[in-house]
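Chemist: Residue numbers (the working numbering): 9 to 85.
Provided herewith is a single structure, encoded as structure tokens, for subsequent inquiry.
Next up, the structure:
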């Protein structure tokens, strides 16, 4: 479902945006919509990647090593 919104932009920004939209054979509205979708997708991908990375770190890594001595045993030496 689409909904119209009102934006307040500088005239120069609107003018340059219309030129770019024209070159891409689209409207300024579509250009802004596509850009907003791109930003949202990037943000969602970042958050998903961050959650996955933190999950991996929470699980930790098993490197196969064994601790031969406790801390106390090391200090006794």
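Glycine included, C-beta positions come from ideal geometry on N, C-alpha and C.
Whole-angstrom Cβ separation of residue 15 and residue 26, contact assumed at under 8 Å?
Modeler: Incorrect: roughly 13 Å between the Cβ atoms, too far for contact.
Chemist: Roughly how many angstroms separate the alpha carbons of residue 82 and residue 73, rounded to a whole number?
Modeler: 17 Å
Chemist: Does DSSP put residue 25 in a helix, a strand or coil?
Modeler: helix
Chemist: Identify the continuous alpha helix (DSSP H) that holds residue 65 and give its terminal residues.
Modeler: 36 to 67
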